[in-house]
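> Heads up: the sequence shown is residues 69 to 151, going by the working numbering.
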Amino acid sequence: MKFNAKCSKPRLAALAIVTSLLAGCAKVSSESVVGVCPPVVEYDIGFRARAAAEVQALPDGLAIVEMLSDYVVMREQSRTCHG
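1) Are the CB atoms of Ser-146 and Val-109 nearer to each other than 7 angstroms?
2) Give me, in chain order, the residues of the same chain whose beta-carbon lies closer than 8 angstroms to that of Cys-149; leave out the 5 immediate sequence neighbours on both sides.
3) Put Asp-138 into one of helix, strand or coil per three-state DSSP.
4) In its own chain, which residues sit with a C-beta less than 8 angstroms from the C-beta of Leu-126, not counting the 5 before and 5 after it?
5) For Val-123, which option in Ser-137, Gly-151, Met-142 has the closest C-alpha, if you only look at C-alpha atoms?
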């Protein structure tokens with residue numbers, strides 16, 4: 069039996085139509101949600117001092133130090149979000 073490409077075209081067209089119709093039912097939006105701020109955990113001064121001392125004791129050039137720097141920025145953005 070020979071493969072006939074013409075037979076598969078209606079199936080592909082139907083699949084494309086069904087996929088596009090189902091995509092319209094999706095509950096996820098591509099638009100960002102406005103007004104939702106993540107919580108900011110507050111640390112006491114003693115804990116923050118201990119963390120700062122631990123970071124200062126780390127060798128230069130570690131990836132974790134860069135990640136912690138990014139975390140500081142995200143915490144400040146979250147605080148700003150809360151007003």
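The C-beta atom is built at its ideal place from N, Cα and C for all residues, glycine as well.
Looking at the atomic coordinates:
1) Result no, Cβ atoms of Ser-146 and Val-109 do not sit closer than 7 angstroms.
2) Excluding sequence neighbours, Cys-149 sits near Cys-105, Pro-106.
3) Looking at Asp-138 - three-state DSSP - the assignment turns out to be helix.
4) If we look at Leu-126 and ignore the five residues flanking it on each side, its Cβ neighbours are Ile-132, Val-133.
5) The shortest CA-to-CA distance from Val-123 to any of Ser-137, Gly-151, Met-142 is the one to Ser-137.
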